[in-house]
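Scroll down for the structure; my scribbles are underneath it.
Number of protein chains: 2
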Amino acid sequence: MNKKWKIGIVGYGNLGKGVHKALRQNADLELAAIFTRRDPASMESACGDAVFATIADAELYRDRIDVMILCGGSASDLPEQTPMLAAAFSTVDSFDTHARIPEFYERVDAAARAGGNLSLISTGWDPGLFSLNRLLAESILPEGSTDTFWGTGVSQGHSDAIRRIPGVKAGVQYTVPIEAAVERVRSGERPELATREKHLRQCFVVAETGADRASIREAIVTMPNYFADYDTTVEFITDEELQRDHSGMPHGGFVIRSGSTGEGTGQLMEFGLKLGSNPEFTASVLVAYARAVCRLREQGQTGARTVFDIPFGLLSPKSPEQLRRELL
Amino acid sequence: MNKKWKIGIVGYGNLGKGVHKALRQNADLELAAIFTRRDPASMESACGDAVFATIADAELYRDRIDVMILCGGSASDLPEQTPMLAAAFSTVDSFDTHARIPEFYERVDAAARAGGNLSLISTGWDPGLFSLNRLLAESILPEGSTDTFWGTGVSQGHSDAIRRIPGVKAGVQYTVPIEAAVERVRSGERPELATREKHLRQCFVVAETGADRASIREAIVTMPNYFADYDTTVEFITDEELQRDHSGMPHGGFVIRSGSTGEGTGQLMEFGLKLGSNPEFTASVLVAYARAVCRLREQGQTGARTVFDIPFGLLSPKSPEQLRRELL
Numbered sequence: 001m002n003k004k005w006k007i008g009i010v011g012y013g014n015l016g017k018g019v020h021k022a023l024r025q026n027a028d029l030e031l032a033a034i035f036t037r038r039d040p041a042s043m044e045s046a047c048g049d050a051v052f053a054t055i056a057d058a059e060l061y062r063d064r065i066d067v068m069i070l071c072g073g074s075a076s077d078l079p080e081q082t083p084m085l086a087a088a089f090s091t092v093d094s095f096d097t098h099a100r101i102p103e104f105y106e107r108v109d110a111a112a113r114a115g116g117n118l119s120l121i122s123t124g125w126d127p128g129l130f131s132l133n134r135l136l137a138e139s140i141l142p143e144g145s146t147d148t149f150w151g152t153g154v155s156q157g158h159s160d161a162i163r164r165i166p167g168v169k170a171g172v173q174y175t176v177p178i179e180a181a182v183e184r185v186r187s188g189e190r191p192e193l194a195t196r197e198k199h200l201r202q203c204f205v206v207a208e209t210g211a212d213r214a215s216i217r218e219a220i221v222t223m224p225n226y227f228a229d230y231d232t233t234v235e236f237i238t239d240e241e242l243q244r245d246h247s248g249m250p251h252g253g254f255v256i257r258s259g260s261t262g263e264g265t266g267q268l269m270e271f272g273l274k275l276g277s278n279p280e281f282t283a284s285v286l287v288a289y290a291r292a293v294c295r296l297r298e299q300g301q302t303g304a305r306t307v308f309d310i311p312f313g314l315l316s317p318k319s320p321e322q323l324r325r326e327l328l
Numbered sequence: 329m330n331k332k333w334k335i336g337i338v339g340y341g342n343l344g345k346g347v348h349k350a351l352r353q354n355a356d357l358e359l360a361a362i363f364t365r366r367d368p369a370s371m372e373s374a375c376g377d378a379v380f381a382t383i384a385d386a387e388l389y390r391d392r393i394d395v396m397i398l399c400g401g402s403a404s405d406l407p408e409q410t411p412m413l414a415a416a417f418s419t420v421d422s423f424d425t426h427a428r429i430p431e432f433y434e435r436v437d438a439a440a441r442a443g444g445n446l447s448l449i450s451t452g453w454d455p456g457l458f459s460l461n462r463l464l465a466e467s468i469l470p471e472g473s474t475d476t477f478w479g480t481g482v483s484q485g486h487s488d489a490i491r492r493i494p495g496v497k498a499g500v501q502y503t504v505p506i507e508a509a510v511e512r513v514r515s516g517e518r519p520e521l522a523t524r525e526k527h528l529r530q531c532f533v534v535a536e537t538g539a540d541r542a543s544i545r546e547a548i549v550t551m552p553n554y555f556a557d558y559d560t561t562v563e564f565i566t567d568e569e570l571q572r573d574h575s576g577m578p579h580g581g582f583v584i585r586s587g588s589t590g591e592g593t594g595q596l597m598e599f600g601l602k603l604g605s606n607p608e609f610t611a612s613v614l615v616a617y618a619r620a621v622c623r624l625r626e627q628g629q630t631g632a633r634t635v636f637d638i639p640f641g642l643l644s645p646k647s648p649e650q651l652r653r654e655l656l
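Keeping their order, the protein sequence lines are chains A and B. Each residue of the first sequence is one higher than the one before, starting from 1 at the first, in this note's numbering. Each residue of the second sequence is one higher than the one before, starting from 329 at the first, in this note's numbering.
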């Protein structure tokens, strides 16, 4: 290992902390600094020593950072931060608002080109590894259908929706793939599945003292967009149970393609994840793609990229010769 | 769809026929000609019209073919054909003798560079898609272990070994992953598994009239390298049963990585295939990679490549914009 790539982290919530921990598993990468909107003096490192700075000072680190890993949210942080930072740094982010990716790509591409930097957008596991598998599967099996199942895992958006209901003190929502549907897809049947048939939603709710549980339940299961189209279970639990049983952030899912070759020969491709921690796994994906961005930028590439543009060989610290010898 | 890439097929066994059929599922690719060592006049098309020619005449087609898909075997065909044809054509092959890949790569690289062509070697599903998943998984989860299971599927080498035993008229061997081992790996336990614990070998044998079945069974289960290290079952069947129940070419398997992030958080990645026809699926992989080779050659790239060097976006007929919009 000759050279260490220098990595900056922007944002230090669960994802940023996950990136910090993941960097320690990769000997060819080193943390340069962590940038935050909070007071740097108030920050505590999740693991080992770390230099904290304010995002406003990021430009001062321009010559000391090869790639910035942006760990903010897709709703308001990344739409602003990625184009801004791409003017000065190569970047990696996990922008995951699927419908807005084309527009986001164009804005980041323009900023990165103007700044002479390289920006990989929308990586992680979905978008990211699941997207790669959807693309691979339909490219190899053009005749067929692809299904994506998510879970069992916490949906932040749905959990937030529960917490906004009057009388709800706290709550968490799990998206659960329906095993019977997964099995039908795996069997090669290629069923047309309604929303309700693919996933169910499990809610664990802490009610405020004296709140009407029946009306909370009704408010959840009939909520349009979030729950009305699903079979939803609501279980009332205590604060202690919420802390004890529901503070992890597991997630996962499957991408399954059932296709045909020749005269109707059935072929099945499946990619699955079972994640003990969604943010830590997402962080590990971002870190591997940061390595690829460092290498491609060194080759002189600029502009925006997605996972579809990056050869897997660049994700590994191993040389191409070693990869061919050990992993092909 | 503006332009159609022109594809040649070299070798017309099961794999070559699979490529022929797969081309018909891809509207942007068209078959130019099929090259064989046999008499072109004696050849029958597996599907639709086809021009047959002898391999010796391949050079005459130099300006009419964008990429040659080489469908010969790894033991003797490809080590000779790929370097020879790479001097005149861009190529895709499925060279699968893992131990000899580095040497094969060097020879093909030199030939392709000298000829100004691009050669993708060793694609298919293993080496190929399984290799990609091994690489992806260890790059994202550097702390962990990866297991590959194969089957249930026919092993040609082991079937041939059975057929060489005196008294055996015909036979087929299935490699079967041991479900208990797969489940231990999936559970995140990361067991150290002996060869015997990962796969078992099922043999279906047609004995010659009057042959001693006990000694055939003994010869199989004690055969070094092929069977001695495995639990092996031997079942004697009739010619009719062999034809009826064992003439398909199913295969498949799993690549599973169990890794840790942060302070020992378990993370699991799995890629699996369940293939109705091994040669037809392998052919479909070769065809998707042929599209990528056409595009990269058009960009001016030459030399040898492996799947580790090819971004997935190039495998699809869709434009980068369409891929970002529909599949990311």
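Cβ coordinates follow ideal geometry from the N, Cα and C atoms, glycine included.
Less than 9 Å between CB atoms is the rule here; does residue i satisfy it with respect to chain A?
i        : result
B/Tyr340 : no
B/Ser418 : no
B/Tyr433 : yes
B/Lys331 : no
B/Lys526 : no
B/Ile565 : no
B/Leu570 : no
B/Pro645 : yes
B/Glu372 : no
B/Glu289 : No information on residue 289 of chain B is available, as it lies outside the stretch 329 to 656 that chain B covers here.
B/Arg365 : no
B/Arg541 : no
B/Pro659 : Residue 659 of chain B is absent from the model: chain B starts at 329 and stops at 656.
B/Glu626 : no
B/Glu408 : no
B/Arg529 : no
What distance in whole Å lies between the Cβ atoms of residue j and residue i, which are believed to be in contact at a cut-off of 8 Å?
i        : j        : result
A/Ser247 : B/Gly590 : No, A/Ser247 and B/Gly590 are not in contact; Cβ-Cβ is about 14 Å, not under 8 Å.
B/Ser418 : B/Arg625 : 5 Å
B/Val379 : B/Leu398 : Contact doesn't hold; Cβ gap of about 17 Å is too wide.
A/Ile178 : A/Lys198 : 6 Å
A/Ser284 : B/Leu460 : Their Cβ separation, rounded to whole angstroms, is 17 Å, which puts A/Ser284 and B/Leu460 out of contact at 8 Å.
A/Ile7   : A/Leu23  : 6 Å
A/Leu328 : B/His426 : 7 Å
So, does the CB of residue i fall closer than 9 Å to a CB anywhere in chain B?
i        : result
A/Glu270 : yes
A/His246 : no
A/Glu189 : no
A/Arg113 : no
A/Gly16  : no
A/Ile101 : yes
A/Glu192 : no
A/Glu263 : yes
A/Pro40  : no
A/Pro320 : yes
A/Pro142 : yes
For residue i, which residues does DSSP report across the bridge?
i        : result
A/His246 : Note: A/His246 sits in no beta bridge, so no partner.
B/Leu446 : B/Gly631
B/Arg585 : B/Thr474 and B/Met597
A/Arg291 : Beta-bridge pairing links A/Arg291 to no other residue.
A/Ser263 : According to the sequence provided, residue 263 of chain A is Glu. The question's Ser does not apply to it. Bridge partners of A/Glu263: none, in fact.
B/Gln650 : For B/Gln650, which the question treats as bridged, DSSP gives no partner whatsoever.
B/Val338 : B/Phe363 and B/Leu398
B/Leu521 : In DSSP, B/Leu521 forms no bridge with anything.
B/Asp559 : B/Leu528
A/Thr91  : A/Met68 and A/Ser119
B/Leu603 : A/Gln267 and B/His579
A/Phe312 : In the DSSP output, where bridge partners are listed per residue, A/Phe312 has none listed.
> Along the region 474-491 of chain B, what residues have a CB closer than 8 Å to any CB found in chain A?
Replying inline: none
> What are the uninterrupted segments assigned as alpha helix (DSSP H) that are 4 or more residues long and contained completely in the region 119-191 of chain A, given in chain order?
Replying inline: 129-140, 156-163 and 179-186
> Which residues, in chain order, does the region 300-313 of chain A contribute to contact with chain B at a C-beta distance below 8 Å?
Replying inline: Thr306, Val307, Phe308, Asp309, Ile310, Pro311, Phe312 and Gly313
> Between the region 445-456 of chain B and chain A, which residues of the former have a C-beta closer than 7 Å to a C-beta of the latter?
Replying inline: Ser450 and Pro455
>> Under 7 Å, CB to CB, which of the residues in the region 274-295 of chain A have a partner in chain B?
In response: Lys274, Leu275, Gly276, Ser277, Glu280, Phe281, Ser284, Val285 and Ala288
>> For a minimum of 3 consecutive residues, which ranges assigned as the beta strand (DSSP E) are wholly contained in the region 18-88 of chain A?
In response: List check, beta strand (DSSP E) in window: 29-36, 52-54 and 67-70.
> Using a Cβ cut-off of 9 Å, which residues of the region 19-32 of chain A contact any Cβ in chain B, in chain order?
Replying inline: Lys21, Ala22, Gln25, Asn26 and Ala27
> What residues from the region 50-78 of chain A come within 8 Å of chain B, judged by C-beta to C-beta, listed N to C?
Replying inline: Of all residues in the region 50-78 of chain A, none places a beta-carbon less than 8 Å from a beta-carbon of chain B.
> Where in the region 522-550 of chain B do unbroken runs of the alpha helix (DSSP H), each at least 4 residues long, occur, reported from the N-terminal end onward?
Replying inline: 523-526 and 541-549, all fully within the region 522-550 of chain B.
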